[in-house]
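K.L.:
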Amino acid sequence: MKIRLLICLILITGLFSSCKKWLEVEPESEIAAPVLFSTENGFMEAINGVYNRSTESDLYGKELTFGTTEVLAQNFSMREDGQDYRQTSLYNYKHGEFIKRKDKIWAGLYNAIVNCNLILENVDAKKNIFNGNNYAIVKGEALALRAYLHFDLLRLFAPSYLRNPSAKGIPYANKYTKEITPVSSVSETINLIIKDLEESKQLLIADPIRSAGYIVNYPLVTDTLKNTEEKNSSLFLQNRRHRLNYYAVCGTLARVYLYKNDKVKALQNAKEVIDSKKFPWTAKSDFEAFEDSKKDRILYKELVFGWYIPGAAKDIKDNWFQSGTRGFYLIEDAADYIYEKATAGASDSRYKYWLSATSSQSSRSYDIVKYRRNPLSTEAGANLHYLIAPAIRLSEMYYIAAECSYASNPTVAVNYLTQVREARQIGDPLTINNEEDLLKELLKDSRKEWLAEGQLFYMYKRLNRGIVGQTGVIIPASDNIFVLPLPNDEVVYGGR
Amino acid sequence: MRRVKIKFLLVMKLTTILLLVGALHVSASTFSQTVTLSRRKTSLKQVFKEIKKQTGYFFFYKGQLLQDKPDVMVEFNNASLVDALNASLKDQKLSYNIVNKTIVISRKENLPVVAASLAVKIEVKGVVADKATGETLPGVSVSIKNGASVGITNDKGEFKVNVDEGSILVFSYVGYDLFETKVTATKTLNVKLTSKMTQMNDVVVTGYQTIKKDNYTGNAVTISGDQLRRVNPQNLLQSIGTFDPSFKLIDNNLAGSNPNRIPSINVRGASALPSGDGQVLRRDDIQGSVNMPVFMLDGYEVSVQKVFDLDVNRIASVTSLKDAAATAIYGSRAANGVIVITTKTPLEGKLRVEYNYELNLTAADLSDYQVLDAAEKLDYEVLAGLYSSAKQQVSQDQLDEIYYHKKANVVGGVNSYWLSQPLRNTIGHKHAVNLDGGSQAFRYNVNLRYQTRPGAMKGSARDQYSGGMSFQYNVKKLQFRNELSITQVGATESPYGDFSSYVRMNPYYPLKDANGMAMRISDVYEKQDRSKEYVFNPLFDASLSSFNKSKYTEIIDNLSADLEVAKDLRLRGQMSVTTRSNTDDVFTSPMANKYYLYTTDKIDEKGEYMNREMKETYWDSNIRLTWLKQIGGNYFNALVGVNARTELRDQKEFTAIGFANDRFTSIGFAKGYAEDGKPQSRLEKARLFGSFFSMNYSYKNRYLMDGTVRIDGSSKFGVNNKLAPFWSFGLGWNVHQEEFLKGNPVISQLRIKASTGLTGSVEFDPYLSKTIYKYNTGNWYSSGIGAGVNSYGNENLGWQKTRMTDIGIDIGLFKDRVMIMPRIYKKFTKDILADITLPPSTGFLSYKENLGDMENKGAELGITVDALRSKDWSVNLNANMVTNRNKVVRISNALKKYNDRADELQSLKPGDGGYRGIPLLRFSEGQAFNAIYGVRSLGIDPENGRELYLKRDGTLTYDYDKRDYVVIGDPNPKVSGYFGGTVNYKRFSLYVQFQTYFGGDKYNLTLVERVENADPRYNVDKRVFEEKWKQPGDLSFYKNIADNGETDVSSRFIQPDNLINLQSVNFSYDMNKKIASKLSMSSLMFQVTANDVVRWSSVKEERGINYPFTRSLTFSVRAAF
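Shown next as structure tokens:
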């Protein structure tokens, strides 16, 4: 009897002690973080996930490319208010719709950042599971993304460095935690951003895009001697320009250093991109091609970095840039003013091919067709290039180089700007007598170049200059305009 | 060892003395040297006790000395102590010694030993029969106590054995209690065995253990299957509520008596808070399973749906376990109570066939609907100013034209009663066959059921088919049992849509056109912005081939084995597997009214088909060791075991759109997926492991103790919190077993018990504790698929903890003919799962945390009175009631945010997606979770017809301000319960049960939506004619008739909510067995049950908004062959 009892007890305790492992259940239609980060593929999917998150319409899929920030730069006409942006263009930061969009930008960017932090917290321990150079790419891009996203948060929600480097900046989230990250000052934030970017740059030193064999071209070009962007057998290593590649990191660094007014480092990084000769100017024949499918509207080859947004095609066509005045558009007077129709505009390809006149009963206006797709075909390759939200352009590097080198060598500086103008078929010569003239010209050309790309607002803010309205009326510079209020939830639950 | 025992006994004695001091102080006042005692038959121990009481002398002896000593007969009249002792100890082989004031009892030495060989063999014969029915029992085993089996009864129940004189015979039979008797001489014995079934009310089935009710400190309500069938043969869940008022079905005023709506249940008040998915909660439509008790069917956990679809005939008993002592053995699932259901086991004997037929009639109860007829409605429209050009901004000519058009209808005799259109009186059938039989070694059962449950709305139905098979195999000390059951349920929703759309239709609209076809559009209104509002005829949609049906097939196999490892020790193992596959198909015809306004470019997108499939698999197993042992007066019932469970749910869903016409209802006819539509799937897995120890101990049936410990592990917990301990402890005292109450003519039972413990609940999504990534399958990045983090996984996530404390008394008076059972309890639920709002800079908007406390305090009272008992007549009365106070103690910041959202929506008109005039649930600390919030109202100012509000600071205002929100009503009744009784006359029986509650508040939505804010363009409640304020000086309940603004939530519409409902009337006749046997049946029984017959409520409100409530009548016949 005692033996039998013993057997029973052993049976029961035996079952009990082996249960802990059994209780570990992994989800299947979703995936738990430790499982995802147990393979190289998982890390790649997580990196892709950050880009995916960033291209949603609350971030670079709309608001930060041709939504809120572009409206704030007065680049769209608001006579008709099809998408409820008029109050935003009037800088009414108490307007419900604006608050919703701005809060989503804040939450969305930090949500993308959390994804970076999860990768960064796991990647070092798993260094040995990576093949080739992939560890450096994954880690380098995660760092670069974290910095890039924080930089846009800083440019939106904190005063500019020029105004007050010691002002309250933003929380620099570099841990995966639910604890509240303290707010860093503007200069502290910039330093953290630079630190991440510099580390990323080191890691990406062996980025395939730096190899001589990496040739930038249109995806339709299948000749492997002329285009190698999609030739890598690993999908993860294709289309480097859709991700934060080595040169994109240089470009971002140039941007950040300039924001910090460190012109030496800014120039150095901008020149690294320019001197790489990786990114050829768009040929006139491509820009001005007659057939939609042969046309390069986005100046694809000049993009150092762009967000891949094919999913936005339908909304761009039907809602955001629909023909007429319900979507984003420019009235004739505004377009003529921005592109200086009377002078430089006459031959500017951007004026001729990014705007398409439509007439309604009352007045003439322009559709903005920068993102227009070939309407005759639904094929992905129906256009010369993918649908992309430009993030860093080669031209911006020229602008930065111009701005940073004027003090030391005005001729070279002006020449940088002239090269951009020539690439856009502007023949009028520039008359620049001092640095102020150069800045004015840079601002004007940036506005033409960056139409519906979301960068101009930051430039006004960086230089603390009044925002030029649709037809030249200056809206005075002020932190009331340049600094977007923090979301209510951030103030209340983060104790800001 | 012995010393320990003595010491133990002494300690026990001391404890007893201490406990009894209070009660005994009167009798302990004087002592004498003489003894007066007269007992016909009593134990030595009692004699000693009595002597001690009278003389003050203590007795000292070893515990086992008095064991097995025969009872004595004493007759002392002022006898001296020595005489009394001599007389008592005569023939007991005991001697005594008096030292000071202590009498030491010891074994008498040199006793002549009776040699075993001297024992005489005698022949004993007799008949064994069932005590209750008198039927003889074949196959009963007869053995000598602690010895060999000596025989078995034959097919007439007779036995004949040869045994030693003085030995004890034991009769054992499965399903019956053991019976022991000592044989002293050759004689005929008539042995009556008591069936375990008939004693169901004397034991408590906890699912893992069976404990004598007398010895149990837990709080359990046991209901037999017959009792349940009597209350409501169609609705098991409602029947349970009748016996245990703490088991509360939450009234769903929207879903009414929809046969496919599975009710939500609370046991002893709510203990969960909503997790904020952004949705606001209407109080008349509280859903979700977070508060559901756990249902255990024959030892394994099942869903409420399984219980809902269970064949009531299969049920042997239901036990509702509520307090910690009773539920702690279920650990992390126990906090909301446990309902233990046992099904019938196969009976032994010749093949027995039982057949049951039920005929169920239902009819919608429209007594709460008072709508206007055609003429009244048109008059009302005129009064409401629909035809006054000043109000409508339309020319009077146009309005006149509309008016006379309608008038023509009215005069022409159009007076449609829309309410009856979607309704029907239904007839449901049920056929159930049950076959039993077998020998003691092998028994089997086969059962089949076919049941239809048509709903009161045309086309809605729930049809249930089930079949089952079980067998039981007994070999010596091993028992196997396997049950297989298959259930198929088909549920169809009515194509007629929501009942409310018929309630609002104007009676002057004709139902059908001249051809007898339902016309599509009944009316068109032009709105102020010149756009049109169509009034669609809901009968048109009903005439299409749209459908909404679901089906599931469920297979359960339950295998158990029971091994007697040693005497008093049994090892039981059980394993059950459940698989269920569910299918939902919803088709909306392309002709449906909702597509009427589709623009031409979407013409090929009309019609929709949704298909959802879900496969569920559950494994549940346990192994347990039970030990039942009596050592002297100590009775132990101990249990140790482990339990493991896995759950797997795999769901797939897709929707196709674009159907050519109304005839092609198969999904293959669809044009394609909806734009951006893609298939959906979800896979959920969860595992639970628990090990438990439980001990029920009683000393001499007087002092009771229960203790339970369970440690649970669940895959849902965070990694830092994998094991959860739960426990309970209970003490009880059977006062009626004490000497001073024995033979008391009034008090026959008095038990005091108290228990406390900690239980838990883990009703939440399985992966909340993990950081989960979701794949972005619909949108690949150019360098591959992306995965993004979905939620912050809280690795510290744990279970809800509920601390329960119970105190109860069982009082039985007059031989238990009156039973009174009061209980009080406190249930404090800690660490309720809640959303915590995060600053978005963390990357997340919120995460789940155990934060939130809720308290429920209450009292329960049950009374049964055996009022009359005679040869032909018996009358039993019963009443039970419960009162529960609920209080939210702590809530999270996310719920405070939820309140803001409720505020916002409550200031929006219903047309704009808001809930103006509807008090939404909101939460604040210190208030009941379902308290009604609004602004206090002083009624309508007779001066101007405006509502006068009381601000927070006590000043008066006409301006409604949500900052003045206070609690304006508590919907929880002060007392709720049931009362009724049974009258039996010979073989006829009448059973009546009333439901009642009172003392709560209700916000009468009908008065707001259908009277004061009534939309005059649609049909409304008759009370709309009641005086509204018209001119200064009018004293009116309703505001100015000319005020078309929406009414806000105020205390004006709070009404006291009292109810009496004649819930159940049952009449039955059980045919005399003799007559039945002439019909070659062993029994035949007829029953009629009427449910929800009449109700009297203090609130006149439309009930059953989307589906009406029903009354039902069930006839049933049960025959056994």
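If you're matching them up, the sequences are chains A and B in order. Numbering follows my numbering, with no gaps: position 66 of the first sequence is 66. Numbering follows my numbering, with no gaps: position 188 of the second sequence is 188. Every residue, glycine too, gets a C-beta built ideally from N, C-alpha and C. None of the values given here were measured: they were computed from a predicted structure.
Cβ of A/Y371 less than 9 Å from any chain B Cβ?
P.N.:
The beta carbon of A/Y371 does not come within 9 Å of any beta carbon belonging to chain B, so the residue lies off that interface.
K.L.:
Drop a sphere of 10 angstroms on the beta-carbon of A/M397, count the other beta-carbons inside from all chains shown, and report buried for 16 or more, exposed for fewer.
P.N.:
buried
K.L.:
Taking only three categories from DSSP, how would you classify B/Y792?
P.N.:
coil
K.L.:
Is the CB of A/P487 under 9 Å away from at least one CB in chain B?
P.N.:
yes
K.L.:
How is B/Q227 classed by DSSP in three states: helix, strand or coil?
P.N.:
helix
K.L.:
Mind checking who B/Y997 pairs with in its DSSP beta bridge?
P.N.:
In the DSSP assignment, the residues bridged to B/Y997 are B/S976, B/L1059.
K.L.:
Output the boundary residues of the alpha helix (DSSP H) element that contains A/K352.
P.N.:
349-354
K.L.:
Please return the same chain residues whose Cβ sits closer than 6 Å to the Cβ of B/D1070, not counting the five positions on each side in sequence.
P.N.:
Cβ neighbours of B/D1070 within its own chain (closer than 6 Å, five residues either side excluded): R987, M1085.
K.L.:
Listing by chain order, which chain B residues have their CB less than 8 Å from the CB of A/H242?
P.N.:
By Cβ distance, chain B contributes Y781, S782, S783.
K.L.:
What is the DSSP secondary structure of B/K458, counted as helix, strand or coil?
P.N.:
coil
K.L.:
Could you spell out the range, first to last residue, of the alpha helix (DSSP H) harbouring B/I240?
P.N.:
236-243
K.L.:
Using CA atoms only, rank isn't needed, just tell me which of A/D275, A/E141, A/K265 is closest to A/Y246.
P.N.:
A/E141
K.L.:
Please report the Cβ distance between B/S907 and B/A834, rounded to the nearest whole angstrom; I am assuming they are in contact, meaning their Cβ atoms lie under 8 Å.
P.N.:
Their Cβ separation, rounded to whole angstroms, is 25 Å, which puts B/S907 and B/A834 out of contact at 8 Å.
K.L.:
Write down every uninterrupted run of the alpha helix (DSSP H) in the stretch 886-926 of chain B whose length is 4 residues or greater and which is fully enclosed by it, in chain order.
P.N.:
The stretch 886-926 of chain B contains, as complete alpha helix (DSSP H) runs of 4+ residues, the segments 893-906 (chain order).
K.L.:
Could you check whether the Cβ of B/M1 sits closer than 9 Å to any Cβ belonging to chain A?
P.N.:
For B/M1, the predicted model reports a pLDDT of 46, less than 50, meaning its position is unreliable and no value from the coordinates is stated.
K.L.:
Tell me which same chain residues have a C-beta within less than 8 Å of the C-beta of A/T282, skipping the five on either side of it?
P.N.:
For A/T282, where only same-chain residues beyond five positions count, the Cβ hits under 8 Å are D296, L299, Y300, K301, E302, A423.
K.L.:
Leaving out five residues before and five after B/G945 in sequence, what residues of the same chain have Cβ atoms less than 6 Å from its Cβ?
P.N.:
W1029, K1039, N1040
K.L.:
Would B/L559 count as contacting chain A if we go by Cβ distances under 9 Å?
P.N.:
no
K.L.:
According to DSSP, is B/R801 part of a helix, a strand, or is it coil?
P.N.:
The identity of residue 801 of chain B in the sequence shown is Lys, whereas the question assumes Arg. Here B/K801 sits in strand by DSSP.
K.L.:
Determine, using beta carbons only, whether B/Y864 comes closer than 9 Å to chain A.
P.N.:
The residue you asked about is not Tyr; residue 864 of chain B is Thr in the sequence shown. By this cut-off, B/T864 is not an interface position.
K.L.:
List the residues of chain B that A/I113 touches, going by C-beta distances under 8 Å, in chain order.
P.N.:
G843
K.L.:
At least one CB of chain B closer than 9 Å to the CB of A/D318: is that the case?
P.N.:
By this cut-off, A/D318 is not an interface position.
K.L.:
Which residues, taken in chain order from the stretch 672-702 of chain B, show a beta carbon closer than 7 Å to some beta carbon of chain A?
P.N.:
S681, R682, L683, K685, A686, R687, F689, S691
K.L.:
With DSSP as the reference, please indicate the residues paired to A/W307 in a beta bridge.
P.N.:
A/A389
K.L.:
If we cut at 9 Å on Cβ distances, does B/K182 have a partner in chain A?
P.N.:
no
K.L.:
Given a limit of 8 Å on CB to CB distance, which residues of the stretch 202-234 of chain A reach chain B?
P.N.:
Residues of the stretch 202-234 of chain A that bring their beta carbon within less than 8 Å of a beta carbon in chain B are absent altogether.
K.L.:
Beta strand (DSSP E) containing A/E453: first to last residue?
P.N.:
Here A/E453 belongs to no beta strand (DSSP E), and DSSP marks it neither H nor E.
K.L.:
On the three-state DSSP scale, how would you describe B/A270?
P.N.:
Three-state DSSP puts B/A270 in coil, outside helix and strand.
K.L.:
Residues in the same chain with beta-carbon distance under 8 Å from B/P112, minus the five sequence neighbours each way, listed in chain order, please.
P.N.:
For B/P112, the pLDDT reaches just 43, beneath the cut-off of 50, and the residue's location in the model is therefore unreliable, although a value from the coordinates is still provided. If we look at B/P112 and ignore the five residues flanking it on each side, it has no Cβ neighbours.
K.L.:
Among residues of its own chain, excluding the 5 on either side of B/I807, which ones have a beta-carbon nearer than 6 Å to its beta-carbon?
P.N.:
Closer than 6 Å at Cβ, skipping near neighbours: A754, I824.
K.L.:
Quick one, which residues of the stretch 752-775 of chain B are near chain A if we go by CB-CB under 9 Å, in chain order?
P.N.:
P766, Y767, K770, T771, I772, Y773, K774, Y775
K.L.:
Tell me the rounded alpha-carbon separation between B/A928 and B/L1059.
P.N.:
21 Å
K.L.:
Using only the alpha-carbon positions, how far apart do B/H25 and B/K742 sit?
P.N.:
Confidence in B/H25 is poor, its pLDDT being 37 and thus under 50, which makes the residue's placement unreliable; the coordinate value appears in the next sentence. Approximately 18 Å between the Cα atoms of the pair.
K.L.:
Starting from the Cα of B/A901, find the closest Cα among B/V640, B/V889, B/Y915 and give me that residue.
P.N.:
One detail in the question is off: residue 901 of chain B reads as Arg in this sequence, not Ala. Minimum Cα distance to B/R901 is reached at B/Y915.
K.L.:
Enumerate in chain order the residues of its own chain whose CB-to-CB distance from A/L64 is below 7 Å, with the five nearest sequence positions on each side excluded.
P.N.:
I105, D152, G454
K.L.:
Measure the C-alpha to C-alpha separation of A/L149 and A/R155 and round it to an integer number of angstroms.
P.N.:
So the alpha carbons of these two residues sit roughly 10 Å apart.
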